Structure formats: structure tokens, C-alpha cells
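Protein sequences appear in the order of chains A and B.
Going by numbering that gives the first Met the number 0, the residue at position 172 of the first sequence is 171; the numbering climbs one at a time, nothing skipped.
Going by numbering that gives the first Met the number 0, the residue at position 102 of the second sequence is 101; the numbering climbs one at a time, nothing skipped.
For reference, the structure is listed below as C-alpha cells.
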Amino acid sequence: MANVSFHAVEKAFGTTKVLHGIGFAIDDGEFVVLVGPSGCGKSTLLRMLAGLEEITAGTIAIDGKVVNDVESKDRDIAMVFQSYALYPHMTVGQNMAFSLKLRKAQPNVIQERVNHAAKILNLEPYLDRYPRELSGGQRQRVAMGRAIVRDPKVFLFDEPLSNLDAKLRVAMRAEIKALHQRLKTTTVYVTHDQVEAMTMADRIVVMHDGRIEQIGRPLELYDHPANLFVAQFIGSPAMNVVHGTIRRSGGGTVVDMGDGVQWPLLDGPGVEGQSVAYGIRPGDLSLASSTAPGAVPGEIVVIEPTGAETELLVQAGKAQVTLVTHGRPEVSPGERVGLVVAPGKVHVFDQTTGERLAA
Amino acid sequence: MSAGFSWRKVSTEAKLLLIGIPVALWTLLPIYHLALFAISPKDSAMSGHLWPDHPTLRNFVIVFTQQHHYLEYFWRQMWNSLVIAVAVGALTLFVATGAAFAISRLRVKGGRAVMNLALLTYFIPAAFLAVPMYKTMGVYGLLNTQWALILAMMAIAAPYSIWVLKQASDKLPYELDEAARIDGASPLQLFRLVYLPLMMPSLVAVGTYALLLAWNEYLYAFLLLSNDRELTLGVALGNFLAADDSPWELLMTTGLIYALPPAAIYYAFKRYMVGGLTAGAVKS
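Right, here's the structure in full:
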């Protein structure tokens, strides 16, 4: 086990710069998820940590030792690939034993470690099978088994669940989390799926365009996104964002959309006349009658029942906003309703910089 | 009658047969005549009958026991052919596999350019290169040794072999290499423990290709070897025609025998040939 630190890490492919000075530290035993849209540089950063990509500038250290010029095999890391990358000509057992064999471990040690890993991952009945004879979930477990037999300092996961179907993905998510809780090995996990990030991570690093947007615990990011990008990236369905101007005159502070719709800001931040992005999560809106005082008037466009919850798409002035409510509201498309904003749940961002305005 | 019976199926089969039978006849006719010569006695070999009056295996006995001055070194020359073909197959494979691995997997700088240059040599017909090759072998003192032919055939077989193997290697997922590197494999271990086993079908196909190319070669073998004891059987067959009274029945018998090993090899490896030589031709 080990800590990992990135210091001013940059990466360029030719003249194209894809990472612009990444710096953060991962504690021993921590489960950190790098998340961001495709092309944000998260996989590149992971591959640099793995030693599969050169580091253009800056340093990466594992356990305090700079590994910029250390070969992958000497970094004491194990990686699980999106495509599993199992050796097709080796059995499950041989796949898991391969790294130990290359390191010239004793046969009885190899046997013991492979059996131990197989037991943790429920792979014991499959040790003599070939990867092609396994299901996607089983292959994924073999890939993890191959990583854990080594007992490495750091586990690296590169979008390991993307090739699985939705149901299996949820199951494997829990399995990986349980494995981490059991082994407590420092883990860096890359995904583009914010739900995966939210559910698995101790801390999330949100990346965008080769930069870190925010680092924090999942609920921290959810409750206090540092900027508009994080606000819209984290959370499903995504946060509603409307653009308007702060008006502190008259009957209470509001954000005026300019189309007759005014969203209540209450004691929110910002100064009179400031252009802002006003964010509210779908779950922080609730339905009221269209004439209720303080409610934002709107018209129901689409109703999407999912059973326990119902998602409503509501037209409020020029903007469309999503509202999620528990239960099954008795409304129909075209109906006029009022939207009530939960107090204290409003996020306000500067229109031009996208930065969060302090309350 | 099977459940899948339908007139449509019958008609498709019939069409295939209609094309297949003439093609088969067209291909087999010369081979039939080859065989016909081989079992005809000397006096009736040129009679033009579709079946000899007195079929005989005597020609085979003569060939196998080397009872004709053209056949003085039959076994020796057969052995030469075999040694040269196997050597060309093995050495080409060695060179081409290494090159394909370096170009496709290690991504050595300039590798693709080298491969394209090698392929470019195919623009020049091999016949034009025969004399320069002769001269080159002379310069290195290799003329009239089997190494001359082996090296020449390698030069001819290698570019195509490299290309086929490179295309096949490109289809192996690159993550396998990365996984092996992280697992602790050196490039040589990667080559031996991961790359070679996965490339086996293509290797068999390319090895067979080079082997058969060398086995069937005439021009270069004729030019580069001259001593009767060093000749390949293919060239020795050509020498049958040096005299006016060529023993046709023996020529054809030897030819038939000479044609059997390639047929056997092809048959044994045909599973790999079809898959291997077209592997990578189409991006799947």
C-alpha cells in the first residue's frame, strides 16, 4: 500500500497539450475516482501513473519516490483494463499466475496466491477454463484477480465496467467496492460515469479539458460544486441551470430571467444586477399550484414515471427544467403548475467565469 | 428427407456444381496427364490414349532406385529441395516475425517505412533481379552453395511475409502488451510468452508459404546452383529436357512425386492457410 502524488503533471502529444499542470495527492488506502467527459485526460493521467505514457513535465511519485523514469513493471502497480486484456491462450489460473511467474515466485507461493484470489473473487470453479469460455462479468473478475495476486502498492482501473451490461455493472460496482474495503489497497479508478464515481469513491477528482475542476468527497461535490461544470456533471438527472440577473429590489431577492420568470434567491449570494447562472437540482424542486405565492409558474411538458420516482419536464418561461419527485403526482401534460424551490438548495455561479458565488 | 429441404437449396447447389465441375476438370486434366505418363510404359507414353494398355509402376521403381543417368542423384536432390525449402521457411519466419513484432508491437520508429520499402521491391519482377542476385552471391562467394538459394528465396519471401504478419499482429489488442508490461514482462518475454502463441495460425501460414515458394522455385535455383549434387529436384527435372530423346515417362513420374509433398503440406495446414493469409486483409 502506498500514497500517490502528482505534481504539476503535464502531457503533450506532439504539439497538442492534453494535461495542464495536474497536482493532487492520494492517501494510503484511499479509493480515488478520476471522472470527466471523454477526452478530458483522465485515462492519460492514469496511464502516466501506470508508466504506459511518458510524462512530459512534472513528477508522479508513489510512496514518496518519483517514478517518472521507472518502468511499469518496477512501479509495483496492477492495472485492470476496460477490455480486460486477458491472455487468450492462458487459462484463468495461468492468467492470474503470469505476473508472479515472471517475477520468479516459488510455485507453491504462486499456487497459494492464485487460490486465495480465486476464492475472494469466486473464481475457483473456473481456474482451468480459458477466457473465451467465461462471461463478461467473470472475465472482469479474472482481470481483477490478476491484479490482486500481485498484492501491489496501487490498483489502477481504467473504465473497467464500460463493457458490461447495466445490471452487471451495478453488481460489479459493489464487488469492487467490497474488494477495496477488504484489501484497503490504494486505488485509482477512471470512469466517465458520474454515478460510478459517486457510489464508489472516497474522493472524486473531476477533470475537464486537461484540468482538475474540483476534488472532494462525493457528497461535497454534490452539495457544493465549485463551478458550473462540476454542478452539471455530477448528479443525475443533471442540475437545472437557468441564466438571469440578480434583482434585490422589491419583494425579495430574485434572479430575473428577463422573460417574466423570476427564480427566488432568498438570502443567496451575488450583487444587484450581476449576471449569474442559477442552478437547482431536480430533487430540490417541488410541485405546487400555479397560483401559490413564491412559486415559479410553469407548464408540464413530459411526464416520465420510473416507479418510485417521477421525472417531470416543465417549461418555465424560455427555460425547460427537470423536476424529480417521489410518488406519482396527478398531473398531465399541458397543465399549469407552480415550482417551489427548496430553501438553501440554490447554487449560484458567475455567468462569465462559471465559478460558484460564495454564500 | 431432411427438414431443410427446399428447391431453392437444390437450385443453389446445382448452380455451384455447374461452375465447380468444369473448374475441377480444367484443373485436374493436366494432373491426370501427369499421372497417365507416370504409369505408362516407355513405348506407349506418347500414344495419346486416355488410359494405357499396360499400366505399370515400373517408372516409380526406376525413379526410386535411380536407374537412369538423369536420376543419378534423385534422393540427394529431393533432400536438397527439402533442406532448402525448410530452411527458407524457418529463416523467413524468423526474420518476418521479428520484423512484424518490432514494427507492429514495439512500434519502432521508421518501421512502417522499412516495411513499405521492402514491399516496394515487388514492383521489380523477380526475373529482373536474377542476374544482380547472381552477381551478389558471386561477390560473397556463395555461388553454387545452397546458402545462395536460401538467402535469395528469403529475400523474395520476406517482404510479403512481414506484411502479412504485421497485419495479423495489428489485430492483437495492444492492451495485451500493456498488461504484460505491467505484469513484468520484458520485450523478449512478451514476444515469447504472449505474442508467439497468439500468432501461431499466421506463423504456420506464412512459414508454409515461404516453404512452398522455395520448393517450387526454378529460375533462381537454376542460376545459383550448378553442381548436380547441389541441385534441387525442380532444376534436375528441367535438365531432363536437355536431350532430344527425353524420357518423358520418367520426367512425369518424378514430377508427380515432386508435387506430392507440397500437396500434403498444404492439405495439413489448409485450416491455417485460408485464415492466416487473409488475416488482416479486411479490418474486422
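Glycine residues also receive a C-beta, built at the ideal position from the N, C-alpha and C atoms.
For clarity, every value in this text was computed on a predicted model and none was experimentally measured.
Against chain D, does residue i count as a neighbour if the rule is that its beta carbon must be under 8 Å from one of theirs?
| i | result |
| --- | --- |
| Tyr188/A | Protein chains A and B are contained in the structure displayed, whereas chain D is not. |
Beta carbon of residue i, beta carbon of residue j: below 8 Å?
| i | j | result |
| --- | --- | --- |
| Arg355/A | Ala196/A | no |
| Val205/A | Gly22/A | no |
| Thr90/A | Leu126/A | yes |
| Leu148/A | Leu99/A | According to the sequence as given, residue 148/A is Val; it is not Leu. Yes. Within cutoff. |
| Val32/A | Tyr221/A | no |
| Thr185/A | Val69/A | no |
| Thr244/A | Gln273/A | yes |
| Ala230/A | His325/A | no |
| Ile109/A | Ala96/A | yes |
| Pro151/A | Gln81/A | no |
| Tyr219/B | Arg104/B | no |
| Leu18/A | Glu9/A | yes |
| Leu312/A | Val330/A | no |
| Ala357/A | Pro268/A | yes |
| Leu232/B | Met136/B | no |
| Asn94/A | Gly135/A | no |
Starting from residue i, follow its DSSP beta bridges and name the residues at the other end.
| i | result |
| --- | --- |
| Glu303/A | Glu310/A |
| Leu18/A | Lys10/A |
| Asp285/B | No answer is possible for residue 285/B: the residues shown for chain B start at 0 and end at 283. |
| Met206/A | Ile211/A |
| Asn239/A | Ile279/A |
| Pro263/A | Val253/A |
| Phe93/B | DSSP, once it has assigned bridges, lists no residue as partnering Phe93/B. |
| Glu354/A | Asn226/A |
| Asp157/A | Val189/A |
| Ala263/B | Answer by DSSP bridge pairing: none, since Ala263/B is not bridged. |
| Ala318/A | Ala315/A |
| Asp349/A | Val275/A |
| Phe23/A | Phe5/A |
| Arg112/A | In the DSSP output, where bridge partners are listed per residue, Arg112/A has none listed. |
| Val340/A | Leu284/A |
Is residue i helix, strand or coil when you go by DSSP?
| i | result |
| --- | --- |
| Thr190/A | strand |
| Arg75/B | helix |
| Arg335/A | strand |
| Ile83/B | helix |
| Leu17/B | helix |
| Gln137/A | helix |
| Gln231/A | helix |
| Thr184/A | coil |
| Pro296/A | strand |
| His48/B | coil |
| Phe30/A | strand |
| Arg327/A | coil |
| Ile147/A | helix |
| Ser285/A | strand |
| Thr244/A | strand |
| Ala280/B | Since pLDDT at Ala280/B reaches only 44, below the 50 mark, its modelled position is unreliable, and no value is offered. |
| Met0/B | The predicted position of Met0/B is uncertain, since its pLDDT is 46 and thus under 50; a value taken from the coordinates is nonetheless stated next. Residue state, collapsed to three classes: coil. |
| Val234/B | helix |
| Thr55/B | coil |
| Leu120/A | coil |
| Tyr271/B | helix |
| Gln65/B | coil |
| Ala204/B | helix |
| Gln105/A | coil |
Leaving out the 5 sequence neighbours to the left and right, which residues in its chain are closer than 7 Å to residue i when beta-carbon positions are compared?
| i | result |
| --- | --- |
| Val94/B | Met153, Ala157 |
| Arg75/B | Arg228 |
| Tyr271/B | Pro200, Val203, Ala204 |
| Met44/B | Correcting the residue identity first, residue 44/B is Ala in this sequence and not Met. Phe36, Trp247, Glu248, listed in sequence order. |
| Arg74/A | Gly50, Ile61, Val66 |
| Gly323/A | A small fix is needed here, since residue 323/A is Val in this sequence, not Gly. Excluding sequence neighbours, Val323/A sits near Pro236, Pro281, Gly282, Glu308, Glu310. |
| Tyr159/B | none |
Can you find the residues in the same chain that come closer than 8 Å, C-beta to C-beta, to residue i, ignoring five residues on each side of it along the sequence?
| i | result |
| --- | --- |
| Gly337/A | Leu286, Ala287, Ser288, Ser289, Thr290, Ala291, Ala294, Val295, Pro296, Gly297 |
For residue i, collect the residues of the same chain with a Cβ closer than 6 Å to its Cβ; drop the 5 residues on either side in sequence, then sort them by chain order.
| i | result |
| --- | --- |
| Arg335/A | Ser289, Glu298 |
| Ser283/B | Low local confidence applies: a pLDDT of 35 at Ser283/B is under 50, so the model's placement there is unreliable, and no value is given. |
| Asp283/A | Ala341, Lys344 |
| Arg247/A | Glu271 |
| Met0/B | Reliability fails at Met0/B, whose pLDDT of 46 lies under 50, so the model's placement of it is uncertain and the value that follows must be treated cautiously. Same-chain partners within the cutoff: there are none. |
| Ala213/B | Ile83, Ala84, Val87, Met152 |
| Ile54/A | Met47, Asn67 |
Curious, which full-length alpha helix (DSSP H) runs of at least 4 residues does the stretch 35–94 of chain A contain?
41–49
Curious, which full-length alpha helix (DSSP H) runs of at least 4 residues does the stretch 131–184 of chain B contain?
145–169, 173–182
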